[in-house]
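Enquirer: Just so you know, the protein sequences line up as chains A and B, in that order.
Per the working numbering, the first sequence starts with residue 1, numbered consecutively.
Per the working numbering, the second sequence starts with residue 193, numbered consecutively.
Dropping the structure in here first, questions after.
2 protein chains.
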Amino acid sequence: MFSDFHAYIQKNTRLNEGQIQLMLSTAVKRTLRKNEVLLHQGEICRHKAFVARGLLRGYRVTEDGTEHLIWFSSRYWWTLEPDSYHNQTPSDYIIDALEECDVILWTKDAFDELLARIPELKTFSDQLVSRNLSITRERVFQSLSATAEEKYDAFVKSHPEIFARVPLHMVASYLGVSRKTITRIRRAQLGR
Amino acid sequence: MFSDFHAYIQKNTRLNEGQIQLMLSTAVKRTLRKNEVLLHQGEICRHKAFVARGLLRGYRVTEDGTEHLIWFSSRYWWTLEPDSYHNQTPSDYIIDALEECDVILWTKDAFDELLARIPELKTFSDQLVSRNLSITRERVFQSLSATAEEKYDAFVKSHPEIFARVPLHMVASYLGVSRKTITRIRRAQLGR
Numbered sequence: 001m002f003s004d005f006h007a008y009i010q011k012n013t014r015l016n017e018g019q020i021q022l023m024l025s026t027a028v029k030r031t032l033r034k035n036e037v038l039l040h041q042g043e044i045c046r047h048k049a050f051v052a053r054g055l056l057r058g059y060r061v062t063e064d065g066t067e068h069l070i071w072f073s074s075r076y077w078w079t080l081e082p083d084s085y086h087n088q089t090p091s092d093y094i095i096d097a098l099e100e101c102d103v104i105l106w107t108k109d110a111f112d113e114l115l116a117r118i119p120e121l122k123t124f125s126d127q128l129v130s131r132n133l134s135i136t137r138e139r140v141f142q143s144l145s146a147t148a149e150e151k152y153d154a155f156v157k158s159h160p161e162i163f164a165r166v167p168l169h170m171v172a173s174y175l176g177v178s179r180k181t182i183t184r185i186r187r188a189q190l191g192r
Numbered sequence: 193m194f195s196d197f198h199a200y201i202q203k204n205t206r207l208n209e210g211q212i213q214l215m216l217s218t219a220v221k222r223t224l225r226k227n228e229v230l231l232h233q234g235e236i237c238r239h240k241a242f243v244a245r246g247l248l249r250g251y252r253v254t255e256d257g258t259e260h261l262i263w264f265s266s267r268y269w270w271t272l273e274p275d276s277y278h279n280q281t282p283s284d285y286i287i288d289a290l291e292e293c294d295v296i297l298w299t300k301d302a303f304d305e306l307l308a309r310i311p312e313l314k315t316f317s318d319q320l321v322s323r324n325l326s327i328t329r330e331r332v333f334q335s336l337s338a339t340a341e342e343k344y345d346a347f348v349k350s351h352p353e354i355f356a357r358v359p360l361h362m363v364a365s366y367l368g369v370s371r372k373t374i375t376r377i378r379r380a381q382l383g384r
């Protein structure tokens, strides 16, 4: 599990071996069963998690019980609920495992210390936040401008590996499209 | 104009007088006429802008010519197109003034130098990015979960000062609701 992280960080940053070892020295490994919850609604997000294997989702439940899937986190992504993590307040979101997952966890204190001690990690972390903001804003733009079919096509194209692994109703939830509509789009495309 | 910024930064950060003066020494003031464009589509976003007075919007135009309003920037907010600014690539978004505006501008080089020289500014800037991400994600959640009427109510409640100043079709564009629907909601509410 640590070797996956090692390869990822070597590829994406300029951290030297000593810095990578420092990161690993404060990390904890955890394997999640399929459907296991990493963060419950109302719980404080105490860890930043790196996904070494598997697939997780972040979702929120409205009063009527509907689940709204806000993000997927697949291999070599990070997953956490930023508001809850940064402010140490109860999370509105739930993070759970859609498959068996290996994750590497840092407590906020441990990660903050790493950021202070390794300026390159801080730069990299800032880039990830920027990218996350950019993806989230693109998602807003798409929700305003795209038709259901365009949203579906864009998802299949940009996340083929996720599309292949999750049930269609989760794709529908992520895209904000009804299950009926997405089934119709899929049927129409298969019949092409 | 600089006195507005001075008051804002004193209220929101721990920067000392020397650091605030350092910021102001590299800043440029600009007044925008109503409808004047601060950033054109395809242009590189070369400045970070602080809004000392007025109201701007960031929007994007789809191929069919429809404008999609992604953000408003009112007094004491910052406005820029983050992707274009950070990567110095052409912007997909347009930023223009909805009213006469006073803005304070820093070039990316100047602001990067300030961030490097003033750690408290970096911390503050990180908090703003976090908040922006949080607001943007909330916008995704709302676009997935709320009805047109709920979106309208939430907007009126959270942005009363913007609601009072912009035409209804811009609120519709921001919420991803048709002009017809928003007119219907408004009429129904006025008739209550």
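Here a beta-carbon is modelled for each residue, glycine too, at the ideal position from N, C-alpha and C.
Examine chain B for any beta-carbon lying closer than 8 Å to the beta-carbon of A:Asp83, and answer yes or no.
Expert: Taking Cβ atoms only, chain B reaches closer than 8 Å to A:Asp83, which makes this a yes.
Enquirer: Applying a beta-carbon distance threshold of less than 7 Å, which residues of chain D neighbour B:Arg331?
Expert: Judged by its chain identifiers, the structure shown contains no chain D, and its protein chains are A and B.
Enquirer: Could you tell me which residues DSSP pairs with B:Cys237 in its beta bridges?
Expert: Per DSSP, none; premise fails for B:Cys237.
Enquirer: Check whether the region 51-58 of chain A touches the region 287-304 of chain B, counting contact only when three or more Cβ pairs, one atom from each stretch, lie closer than 8 Å.
Expert: Verdict: no, contact absent.
Enquirer: Taking the alpha helix (DSSP H) that B:Ile377 falls in, what are its first and last residues?
Expert: Here the alpha helix (DSSP H) through B:Ile377 covers 371-382.
Enquirer: According to DSSP, is B:Thr339 part of a helix, a strand, or is it coil?
Expert: Of the three classes helix, strand and coil, the one that applies to B:Thr339 here is coil, per DSSP.
Enquirer: Which chain A residues sit within Cβ distance under 7 Å of B:Arg252?
Expert: Those are Phe141, listed as they occur along chain A.
Enquirer: Quick check: is the beta carbon of B:Val321 nearer than 8 Å to any beta carbon in chain A?
Expert: With 8 Å as the cut-off, B:Val321 counts as an interface residue toward chain A.
Enquirer: When the Cα of A:Val37 is compared with those of A:Ser130, A:Trp77, A:Gly18, A:Leu98, which residue comes out closest?
Expert: The shortest Cα separation from A:Val37 among A:Ser130, A:Trp77, A:Gly18, A:Leu98 belongs to A:Leu98.
Enquirer: Look up B:Thr223 in the DSSP assignment and give the residues it is bridged to.
Expert: Answer is B:Asp294.
Enquirer: So which residues on chain A does B:Thr328 lean against when the C-beta distance must stay under 7 Å?
Expert: Under the 7 Å cutoff, chain A gives Leu133, Thr136, Arg137, Val140.
Enquirer: Per DSSP, what are the beta-bridge partners of B:Pro311 in this structure?
Expert: Note: B:Pro311 sits in no beta bridge, so no partner.
Enquirer: Which residues in chain B have a C-beta closer than 9 Å to the C-beta of A:Gly65? List them in chain order.
Expert: Under the 9 Å cutoff, chain B gives no residues; its nearest Cβ is about 12 Å from A:Gly65.
Enquirer: Mind checking if B:His198 is an interface residue toward chain A, Cβ cutoff 8 Å exclusive?
Expert: Closer than 8 Å: no.
Enquirer: Contact between the region 75-95 of chain A and the region 168-176 of chain A: three or more CB pairs below 8 Å?
Expert: Touching, no.
Enquirer: DSSP three-state call for A:Thr219: helix, strand or coil?
Expert: Within the shown structure, residues of chain A are numbered from 1 to 192, placing residue 219 of chain A beyond reach of any answer.
Enquirer: Go through its chain and collect everything with a Cβ distance to A:His68's Cβ below 7 Å, but skip five positions before and after it.
Expert: Closer than 7 Å at Cβ, skipping near neighbours: Tyr59, Arg60, Thr62, Ser173.
Enquirer: What is the residue span of the beta strand (DSSP E) that B:Ser266 lies within?
Expert: Start and end: 259-266.
Enquirer: Could you check the C-alpha separation between A:Thr147 and A:Lys122 for me, to the nearest Å?
Expert: Those two C-alpha atoms are separated by around 38 Å.
Enquirer: Please compile the residues from chain B whose C-beta is within a distance smaller than 7 Å of the C-beta of A:Leu144.
Expert: His260, Gly368, listed in chain order.
Enquirer: For the region 159-175 of chain A, list every residue whose C-beta sits within 9 Å of some C-beta in chain B, in sequence order.
Expert: Cβ contacts with chain B come from Ser173, Tyr174, Leu175.
Enquirer: In chain order, what residues of the same chain have a beta carbon less than 6 Å from the beta carbon of B:Ala302, not counting five sequence neighbours either side?
Expert: Closer than 6 Å at the Cβ level, and outside the excluded window around B:Ala302, lie Thr218.
Enquirer: What does the alpha-carbon distance come out to for the pair A:Asp96 and A:Lys34?
Expert: Near 8 Å, if we compare the C-alpha coordinates of A:Lys34 and A:Asp96.
Enquirer: With distances taken Cα to Cα, identify the nearest neighbour of A:Asn16 among A:Leu190, A:Glu149, A:Pro119, A:Leu128.
Expert: Looking at the Cα atoms, A:Pro119 is the closest of the given residues.
Enquirer: Report the neighbours of A:His86 on chain B: residues whose CB is nearer than 7 Å to its CB, in chain order.
Expert: Near A:His86 (Cβ distances below 7 Å), the residues of chain B are Ser322.
Enquirer: Using the beta-carbon count (16 or more within 10 Å), is B:Arg323 buried or exposed?
Expert: When all chains shown are included, B:Arg323 counts as exposed.
Enquirer: Flag this pair as touching only if the region 41-48 of chain A and the region 79-94 of chain A have three or more C-beta atom pairs under 8 Å; answer yes or no.
Expert: Flag = yes, the region 41-48 of chain A and the region 79-94 of chain A touch.
Enquirer: Quick one: Cα of B:Phe333 to Cα of A:Phe163, how far?
Expert: The alpha-carbon atoms of B:Phe333 and A:Phe163 are separated by roughly 20 Å.
Enquirer: DSSP state of A:Thr136, grouped into three classes?
Expert: Correct three-state label for A:Thr136: helix.
Enquirer: Buried or exposed for B:Arg206, going by 16 or more other Cβ atoms inside 10 Å?
Expert: Exposed, by the Cβ-count rule.
Enquirer: Which first and last residues belong to the beta strand (DSSP E) in which A:Val37 is found?
Expert: Element bounds for A:Val37: 37-39.
Enquirer: DSSP three-state label for A:Asp153, please.
Expert: Helix.
Enquirer: Pick out whichever of A:Arg117, A:Leu175, A:Val156 has its Cα sitting closest to the Cα of A:Ser145.
Expert: Minimum Cα distance to A:Ser145 is reached at A:Leu175.
Enquirer: Give the secondary structure of A:Ala164 by DSSP, where H, G and I count as helix, E and B as strand, and everything else as coil.
Expert: Three-state DSSP puts A:Ala164 in coil, outside helix and strand.
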